[in-house]
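Trainee:
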Amino acid sequence: MKTNQTEMFKEFDATELYCPRCKRAVPVRKRLLLILQEGDKYEYLCAFCSESVGTKMDRHEKPISIII
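Okay, so the sequence shown: first residue is 16 according to this note's numbering, each after it adds one.
1) Hey, which unbroken runs of the beta strand (DSSP E) at 3 residues or more fall wholly within the segment 34-79?
2) Let me check understanding here. Comparing Cα to Cα, which of L32, K38, K25 lies closest to Y59?
3) Check whether the Cβ atoms of V43 and F63 sit closer than 7 Å, and answer yes or no.
Given below as structure tokens:
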């Protein structure tokens, strides 16, 4: 049963973060910054002033093979 609980909370997406410009917790938008071999990097932006308030790295379960 414990395994199921840990798998449920493997990944979170922020809905509100503190914005230093607005000086309060604000709703955020998630924007894709980079697509990297080890995962996708996202940036969280303040919904009011578009200030960057954080980043997140979504790691791929399996490594991606790139054929050139």
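In this text, a Cβ means the ideal position worked out from N, Cα and C, and glycines have one as well.
Mentor: Let's see:
1) 39-50, 54-61, 67-74
2) Here the question's residue 59 lines up with position 44 in the sequence shown. When each option's Cα is compared against that of Y59, the closest is L32.
3) On the sequence shown, residue 43 is found 28 positions in, with the first residue counted as 1. On the sequence shown, residue 63 is found 48 positions in, with the first residue counted as 1. Against a cut-off of 7 Å, the Cβ pair of F63 and V43 comes out as no contact.
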